[in-house]
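Q: My structure is below; once you've seen it, I'll send some questions.
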Amino acid sequence: VRHRHGPPRLAERLLGALLRRSPWSESILGDLREEYLALAAGRSRPVAALWYWAQSLSLGTRHVASRFDRAATQPIPTPVPTRGDHAMRTLLSEARLGLRSLRKRPWPTAIILATMALALGANAAIFSIVDALVIRPFPFEDVDRMVMLAEMPSGGTAIGTQERVSPANFLDWRRQTDTVESLAAFEWWEVNLVGRDEPESVLGFFVSHDFFAVFGIRAAHGRTFVADDEVFGRHRVVVLGHGLWQRRYGGDSAIIGQSIVVDGLPHEVVGIAPQGFDFPMGSAIWAPLAFDTKTAAVRGRRYLTVVGRLAAGRSLEDAQAEMAVIWDRLVREHPEANSTRDLRVMTLTRGMMDQGLGPILSLWQASAVIVLLIACANVASLLLARGAERQREIAVRLAMGASRGRILRQLLVESLLLALAAVPLALLVTAYSLTLLRSYMPARLIRFVPGWTSIDVDGRVALVTTLIAVGTAIVFGLVPALQASRPHIMEVLKEGGRTGTAGGSRQRLRRGLVVAEIALVLPLLVASGLSAMGTSQFLNGPQGYDPDGLLTLRLVLPEARYPDDDARRRFIDASVERLTAVPGVTSAAMTNVIPSSGTNAGRLIEIEGRPEPDPQQAPRVDFRAISPEYFATFRVPVLRGRAFTGGDLAGTQPVAIVSASMAKKFWPGADPIGRRFRLLNTPDPAWVTVVGVAGDVIHDWFVGRDQPTMYRPYAQAPSSFMGFGLRTAGDPEALASAARTALRDVDPMQPQFDVQSMRTTLGERTIGLQYIAVIMGVFGGLALVLAIVGVYGVMAYMISQRLHEFGLRIALGATGGDVLRLVVGQAWRLTALGVLIGSALALALGRLIEAGLLGVVSSDLRLLAGIAALVVAAAILAGYVPARRATVIDPMVVLRNE
Amino acid sequence: MSPATPLYLGEFEQMVLLAVLQLGEGAYAVPIRRELASRAHRRVARGALYTALERLEAKRCLRSRMSDPLPERGGRSRRYFTVTPLGLASLRASRAAMMNLSRGLESLLEKP
Chain U
6 VRHRHGPPRL
16 AERLLGALLR
26 RSPWSESILG
36 DLREEYLALA
46 AGRSRPVAAL
56 WYWAQSLSLG
66 TRHVASRFDR
76 AATQPIPTPV
86 PTRGDHAMRT
96 LLSEARLGLR
106 SLRKRPWPTA
116 IILATMALAL
126 GANAAIFSIV
136 DALVIRPFPF
146 EDVDRMVMLA
156 EMPSGGTAIG
166 TQERVSPANF
176 LDWRRQTDTV
186 ESLAAFEWWE
196 VNLVGRDEPE
206 SVLGFFVSHD
216 FFAVFGIRAA
226 HGRTFVADDE
236 VFGRHRVVVL
246 GHGLWQRRYG
256 GDSAIIGQSI
266 VVDGLPHEVV
276 GIAPQGFDFP
286 MGSAIWAPLA
296 FDTKTAAVRG
306 RRYLTVVGRL
316 AAGRSLEDAQ
326 AEMAVIWDRL
336 VREHPEANST
346 RDLRVMTLTR
356 GMMDQGLGPI
366 LSLWQASAVI
376 VLLIACANVA
386 SLLLARGAER
396 QREIAVRLAM
406 GASRGRILRQ
416 LLVESLLLAL
426 AAVPLALLVT
436 AYSLTLLRSY
446 MPARLIRFVP
456 GWTSIDVDGR
466 VALVTTLIAV
476 GTAIVFGLVP
486 ALQASRPHIM
496 EVLKEGGRTG
506 TAGGSRQRLR
516 RGLVVAEIAL
526 VLPLLVASGL
536 SAMGTSQFLN
546 GPQGYDPDGL
556 LTLRLVLPEA
566 RYPDDDARRR
576 FIDASVERLT
586 AVPGVTSAAM
596 TNVIPSSGTN
606 AGRLIEIEGR
616 PEPDPQQAPR
626 VDFRAISPEY
636 FATFRVPVLR
646 GRAFTGGDLA
656 GTQPVAIVSA
666 SMAKKFWPGA
676 DPIGRRFRLL
686 NTPDPAWVTV
696 VGVAGDVIHD
706 WFVGRDQPTM
716 YRPYAQAPSS
726 FMGFGLRTAG
736 DPEALASAAR
746 TALRDVDPMQ
756 PQFDVQSMRT
766 TLGERTIGLQ
776 YIAVIMGVFG
786 GLALVLAIVG
796 VYGVMAYMIS
806 QRLHEFGLRI
816 ALGATGGDVL
826 RLVVGQAWRL
836 TALGVLIGSA
846 LALALGRLIE
856 AGLLGVVSSD
866 LRLLAGIAAL
876 VVAAAILAGY
886 VPARRATVID
896 PMVVLRNE
Chain L
17 MSPATPLYLG
27 EFEQMVLLAV
37 LQLGEGAYAV
47 PIRRELASRA
57 HRRVARGALY
67 TALERLEAKR
77 CLRSRMSDPL
87 PERGGRSRRY
97 FTVTPLGLAS
107 LRASRAAMMN
117 LSRGLESLLE
127 KP
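Listed in order, the protein sequences are those of chains U and L.
Using my numbering, read the first sequence as starting at 6 and increasing by one per residue.
Using my numbering, read the second sequence as starting at 17 and increasing by one per residue.
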């Protein structure tokens, strides 16, 4: 969106800053923009943007270099500091010297720049994701004044234990708090809209009247809610989201005060939300959360999310202290519902954050840091080699009276220049990897990731990257600089310029770096291997049903139009019949919950013949209300007993089919058929007889594998939430419009949503994992390449230093094979040591991933062995290539150089 | 002030001056570069061209003026160039030197 009219803003600003003091800046920037526009009109915008970046980077570097050149042709003030020497001037002259020395060796400089750009770019990309999703996901003003209140199981801190709030508790909090003003609750709402246009299902929320005040939001037209809207009976009013208002109602403000049909009942439109406000989760419409007297007293069912704004002058700690007192009182007054819960007050940003996001982003950030460390090791190793080459120059300067500090500073300034020069390149890498990252996310999921659209390279990212660059420059520059500036002048000068084997400790250091690199690569590769295996398992592994050739859709019957079980049953009967008749459909079935869809339903049960459980501790099983064709349509095997038939009706014996895991859990070692159980907290506590056992379905790879599940015929347990599955031999997506038409024939006022193939659903459900796998794969690959370059660099340098020795060996009768064995043997020893250390790290990391993230894959020893073999092979190859050159040495040539 | 003695011009400098002359009123960096590409088949780096223009202006072979701000340049101006009398004299001198040196070599230098 940002680049619609002009060239990439960041590149333009960067170039503008570099040219700042040039009188040519205006005409150069103008020329570039002019040509960019011509190019963007002719070709695709990304190509033009890439072109612009390349042009501005080359112009910028040329300009800076020429300024330095011009300055450098002036006599440089003598490098020996004199009294009254201004620190800045010294630094500048050192920078000039450094730039000269870097330009004198273009190849190592280019390699270092590329390495740093990739590593810094990877870090910047992850930082901008963390920044957008974790640090500032919500664009509200004073977002740090906004809090979220949640009930947690006592002592629960683990992932996935965050709980919602019951209506009665919320109402008590709202009455009693002084530290939080505008305490508001909201509840998910699937909205059916009819009239004006085709019936449509949109996402909305029921919100208490203070909801908009929490975010400091005023209506763009009309008003938001007032306390009176919450009074049950006067609550049929809505506020429309800006997008929905534009799209469905033509952006006409005359809609205010008019009545629209929502969920089958007329609602008055009282206001339009301002553009851009769609909290939470891209909500398109809001209605008051109005409790009837019965609901207002409910304390045991928790389904509200509670947010608020801190009162003026009160801090989060104040609110926590006050709410703790209030909660103590509520626990005393209502122990049956509240004694097993804790109340937690946290910032909105923290509360709304996806619980899985933290570990994933930490994993990425850790991987990015590892890549950066490997890159640092490589650069340090290259600088060590360069230090060795410059030993004579440095020794001469030391001998002429330069202080060690002075030399050290000079070398550090060089590393700093290298690191800073890599920053613009790194930001380029970041910008393009983020573009790729963003484009991969399905549009309909973006609203579930707050902050996603603000992932971008901005000033903060540039600043952090620059800081990291400076930090790494010190890390990778200091050790080689200390090495190179060590005053062993006499030895160097005495040796007549041949470095020979003088740098023994330097070689040890470089070998140590290579071992460290390989040790770091291994865990990264294992992590990326595990993520890839996990994702592939999620997508392609057995699901317990057959996801191919299956179209699914969902809908919610509004209570106003389907008030009783009979009405719902008639709708389902007619729908299954119509859907089965669609050409190309081999069978169709209804279920209240579609497998892998991200929604779920559960019931508390009591097993016959066991003591009646405490309602707090009763076993909970997943609950599915299905039509008889369900098992055939979804291809879930019925292992024992029978499937449901058309004869299982409201008036006949209550029956159920249980999943294999449920049978195993409640009737271990016994035949479950004929056993009975009943549902708790329902108006119909009749005993239900088990008539069959079905295979387990993986409803959710994270938490829903082998989840005990009971199936009931919908005729005996109708539900307002439902989904349909259609099996076909052909392309399921091709059936979508025919399926919609069939359902419209049953009820023209009833919209459907999520009409898509089961494969699409699976893809969306695993999008997070796919991201993990791809990003970890990129990190793993990057790290491997960098480490191999590191091995190559060390081996090539070692060989160049020992050419003389090899020549001597060959002259004395060693064969090329002997030399090859010597060199490759050394590469092998380094790699083996690195792999050994790395395997230990990888095993530890594997445990972590296994436990925290995927749960699907075990850290497989075969995977580790395979990766270790890959690393060893690559490293030996990296040693072999330069070693080949050592075997063809002509001893005469090498020894004559003496 | 009479035009000073003609200056020595490098090959690229001559090409740039000729391109500016060819373009007449509309000579700014973008078309100059295009001209060099189309007539002389010389693809020059943008930065090299700016350096040459700057140097020629410093030698007073070129003069430049800024246009009004233009919307398609994001409100920035164009820098238009014209060849000065000194520039023209220097071009003439370079050309004459080439001609003198080439005299008698037509059979070698011209296409058969």
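Just so it is clear, CB atoms sit at the ideal spot from N, CA and C, and this is done for glycine as well.
Owing to the predicted nature of the structure, the values given are computational and were not obtained by experimental measurement.
1) Using 8 Å as the threshold, is the segment 216 to 224 of chain U in touch with the segment 172 to 189 of chain U, meaning 3 or more CB pairs across them?
2) Where do the N-terminal and C-terminal ends of the alpha helix (DSSP H) with Ser30 (chain U) fall, by residue?
3) Determine the DSSP secondary structure at Ile451 (chain U), reduced to helix, strand or coil.
4) Per the DSSP calculation, Gly697 (chain U) is bridged to which residue(s)?
5) When burial is assigned at 16 or more other CB atoms within 10 Å of the CB, is Ala594 (chain U) buried or exposed?
6) Can you list, in chain order, the residues of the segment 25 to 53 of chain U whose Cβ is nearer than 7 Å to any Cβ on chain L?
7) Which term fits Val522 (chain U), buried or exposed, when burial requires 16 or more other beta carbons within 10 angstroms of its beta carbon?
8) Find the residues of chain L that neighbour Leu64 (chain U), judging by a C-beta separation of less than 8 Å, and give them in chain order.
9) Is the beta carbon of Leu69 (chain L) less than 8 Å from the beta carbon of Ala45 (chain L)?
10) For chain L, check one thing: does any of its Cβ atoms lie closer than 8 Å to the Cβ of Gln325 (chain U)?
11) Using DSSP with H/G/I as helix, E/B as strand and the rest coil, what is Leu198 (chain U)?
12) Which residue spans inside the segment 522 to 592 of chain U form an unbroken alpha helix (DSSP H) run of at least 4?
13) Nearest-angstrom Cα distance between Leu125 (chain L) and His57 (chain L)?
14) Can you name the start and end residues of the beta strand (DSSP E) that Leu154 (chain U) belongs to?
15) By how many angstroms is the C-alpha of Gly830 (chain U) removed from the C-alpha of Asp823 (chain U)?
16) Could you work out which residues of chain U lie near Glu70 (chain L), taking near to mean beta carbons separated by less than 8 Å?
17) Against chain L, does Gly21 (chain U) count as a neighbour if the rule is that its beta carbon must be under 8 Å from one of theirs?
18) Looking at C-alpha atoms only, which residue of U:Ala53, U:Ser49, U:Leu62, U:Pro51 is the closest neighbour of Ile33 (chain U)?
19) If you draw a straight line from the alpha carbon of Gly546 (chain U) to that of Leu731 (chain U), how long is it in whole angstroms?
20) Cutting at 6 Å between CB atoms, please list the residues of its own chain near Gly269 (chain U), excluding the five before and the five after it.
21) Looking at the C-beta of Glu88 (chain L), does it have a partner C-beta in chain U at a distance below 8 Å?
22) So, is Thr162 (chain U) buried or exposed, given that buried needs 16 or more other C-beta atoms within 10 angstroms?
23) Counting only the same chain and skipping the five closest in sequence on each side, list residues whose C-beta sits under 6 Å from that of Gly482 (chain U).
24) Could you check if Ile894 (chain U) is buried or exposed, using at least 16 other CB atoms within 10 Å of its CB as the buried criterion?
25) Out of U:Val236, U:Ala424, U:Val376, U:Leu813, which one is the CA nearest neighbour of Thr300 (chain U)?
26) Within this structure, are the beta carbons of Leu423 (chain U) and Ile117 (chain U) separated by less than 8 Å?
27) For chain L, check one thing: does any of its Cβ atoms lie closer than 8 Å to the Cβ of Gly505 (chain U)?
28) Answer with yes or no whether the minimum CB distance from Gly356 (chain U) to chain L is below 8 Å.
29) Within 8 Å of any Cβ in chain L, is that where the Cβ of Arg890 (chain U) sits?
30) Looking only at C-alpha atoms, which of U:Met286, U:Thr114, U:Val660 sits nearest to Ala427 (chain U)?
31) Answer yes if the segment 279 to 295 of chain U comes into contact with the segment 440 to 457 of chain U, meaning at least three C-beta pairs across the two stretches below 8 Å, and no otherwise.
32) Leaving out five residues before and five after Ile872 (chain U) in sequence, what residues of the same chain have Cβ atoms less than 7 Å from its Cβ?
33) Taking the straight line between their C-alpha atoms, what separation do you get for Pro51 (chain U) and Trp457 (chain U)?
34) Identify which residue in U:Pro293, U:Ala100, U:Gly255 has its Cα closest to the Cα of Asp234 (chain U).
35) Using 8 Å as the Cβ pair cut-off and three pairs as the minimum, do the segment 20 to 30 of chain U and the segment 53 to 69 of chain U touch?
36) Under 8 Å, do Ala155 (chain U) and Gly356 (chain U) count as touching if we go by C-beta distance?
A: On the basis of the coordinates in this document:
1) In short, these stretches touch, since the Cβ pair count reaches three.
2) Residue numbering aside, residue 30 (chain U) sits at position 25 when the first sequence is read from its first letter. Looking at the DSSP string, the run of the alpha helix (DSSP H) that includes Ser30 (chain U) is 30 to 47.
3) Here residue 451 (chain U) is taken as the residue at index 446 of the first sequence, counted from 1. Secondary structure at Ile451 (chain U): helix, using DSSP grouped into helix, strand and coil.
4) Reading the first sequence from its first residue, position 692 is the one you call residue 697 (chain U). DSSP output for Gly697 (chain U) lists U:Gly646, U:Ile662 as bridge partner(s).
5) Position 589 of the first sequence, counted from the start, is the residue given in the question as residue 594 (chain U). Buried, because 16 or more other Cβ atoms sit within 10 Å of the Cβ of Ala594 (chain U).
6) Against chain L - using a Cβ distance shorter than 7 Å - the residues of the segment 25 to 53 of chain U are Trp29, Glu31, Ser32, Ile33, Leu34, Gly35, Asp36, Arg38, Glu39, Glu40, Leu42.
7) Position 517 of the first sequence, counting from 1, holds the residue named residue 522 (chain U). Correcting the residue type first, residue 522 (chain U) is Glu in the shown sequence and not Val. Glu522 (chain U) should be labelled buried.
8) Here residue 64 (chain U) refers to the residue found at position 59 of the first sequence. For Leu64 (chain U), the C-beta contacts it makes with chain L under 8 Å involve Arg62, Gly63, Tyr66, in order along the chain.
9) Taking the second sequence and counting its residues from 1, one reaches residue 69 (chain L) at position 53. Taking the second sequence and counting its residues from 1, one reaches residue 45 (chain L) at position 29. Taking 8 Å as the Cβ cut-off, Leu69 (chain L) and Ala45 (chain L) qualify as a contacting pair.
10) In the first sequence, residue 325 (chain U) corresponds to position 320, counting from 1. At a cut-off of 8 Å, the C-beta of Gln325 (chain U) has no neighbouring C-beta in chain L.
11) The residue you call residue 198 (chain U) lines up with position 193 of the first sequence. Collapsing the DSSP output to three states places Leu198 (chain U) in a strand.
12) As far as the segment 522 to 592 of chain U is concerned, its whole alpha helix (DSSP H) runs of at least 4 residues are 570 to 586.
13) Position 109 of the second sequence, counting from 1, holds the residue named residue 125 (chain L). Position 41 of the second sequence, counting from 1, holds the residue named residue 57 (chain L). Looking at the two C-alpha atoms, the distance is approximately 19 Å.
14) In the first sequence, the residue the question calls residue 154 (chain U) occupies position 149. Unbroken beta strand (DSSP E) run through Leu154 (chain U): 151 to 158.
15) Counting from one through the first sequence, the residue named residue 823 (chain U) turns up at place 818. Counting from one through the first sequence, the residue named residue 830 (chain U) turns up at place 825. Spanning the two alpha carbons is a distance of roughly 10 Å.
16) Translated into the one-based positions of the second sequence, residue 70 (chain L) becomes position 54. Correct list: Trp29.
17) Start at 1 with the first residue of the first sequence, and residue 21 (chain U) comes out as number 16. So no, Gly21 (chain U) is outside the interface.
18) As a working note, residue 33 (chain U) is residue 28 in the first sequence. The option with the nearest alpha carbon to Ile33 (chain U) is U:Leu62.
19) For the purposes of this step, residue 546 (chain U) is identified with residue 541 of the first sequence, where counting begins at 1. For the purposes of this step, residue 731 (chain U) is identified with residue 726 of the first sequence, where counting begins at 1. The alpha-carbon atoms of Gly546 (chain U) and Leu731 (chain U) are separated by roughly 21 Å.
20) Your numbering for residue 269 (chain U) matches position 264 in the first sequence. Excluding residues within five positions, the ones whose Cβ falls inside 6 Å are Pro563, Ala565, Arg566.
21) Locating residue 88 (chain L) in the second sequence gives position 72, counting from the first residue. Chain U contact via Cβ: present.
22) As a position in the first sequence, residue 162 (chain U) is number 157, starting the count at 1. Here Thr162 (chain U) scores only 48 on pLDDT, less than 50, and its place in the model is too uncertain to base an answer on.
23) Residue 482 (chain U) sits at position 477 when you count from the first residue of the first sequence. Excluding positions up to five away in sequence, the list reads Leu417, Ser420.
24) By 1-based counting over the first sequence, the position of residue 894 (chain U) is 889. Ile894 (chain U) comes out buried.
25) Within the first sequence, residue 300 (chain U) is the residue found at index 295, counting from 1. Thr300 (chain U) has its Cα closest to that of U:Val236, out of U:Val236, U:Ala424, U:Val376, U:Leu813.
26) Against the first sequence, residue 423 (chain U) aligns to sequence position 418. Against the first sequence, residue 117 (chain U) aligns to sequence position 112. Result yes, Cβ atoms of Leu423 (chain U) and Ile117 (chain U) sit closer than 8 Å.
27) On the first sequence, position 500 is the one that residue 505 (chain U) refers to. In this predicted model, Gly505 (chain U) has a pLDDT of only 45, less than 50, meaning its place in the structure is not dependable enough to derive any value.
28) Position 351 of the first sequence holds residue 356 (chain U). Chain L, which has no Cβ nearer than 8 Å to the Cβ of Gly356 (chain U), makes this no.
29) Within the first sequence, the letter at position 885 stands for residue 890 (chain U). No, its Cβ sits nowhere closer than 8 Å to a Cβ of chain L.
30) Counted from its first residue, the first sequence places residue 427 (chain U) at position 422. That would be U:Thr114, whose Cα lies nearest to the Cα of Ala427 (chain U).
31) A contact exists between the segment 440 to 457 of chain U and the segment 279 to 295 of chain U.
32) The residue labelled residue 872 (chain U) in the question sits at position 867 within the first sequence. Same-chain partners within the cutoff: Leu527, Leu530, Val531, Gly534.
33) One-based indexing of the first sequence puts residue 51 (chain U) at position 46. One-based indexing of the first sequence puts residue 457 (chain U) at position 452. Cα-Cα distance, rounded: 20 Å.
34) In the first sequence, counting from the first residue as 1, residue 234 (chain U) sits at position 229. The option with the nearest alpha carbon to Asp234 (chain U) is U:Pro293.
35) Flag = yes, the segment 20 to 30 of chain U and the segment 53 to 69 of chain U touch.
36) Residue numbering aside, residue 155 (chain U) sits at position 150 when the first sequence is read from its first letter. Residue numbering aside, residue 356 (chain U) sits at position 351 when the first sequence is read from its first letter. In contact: Ala155 (chain U) and Gly356 (chain U) (Cβ atoms closer than 8 Å).
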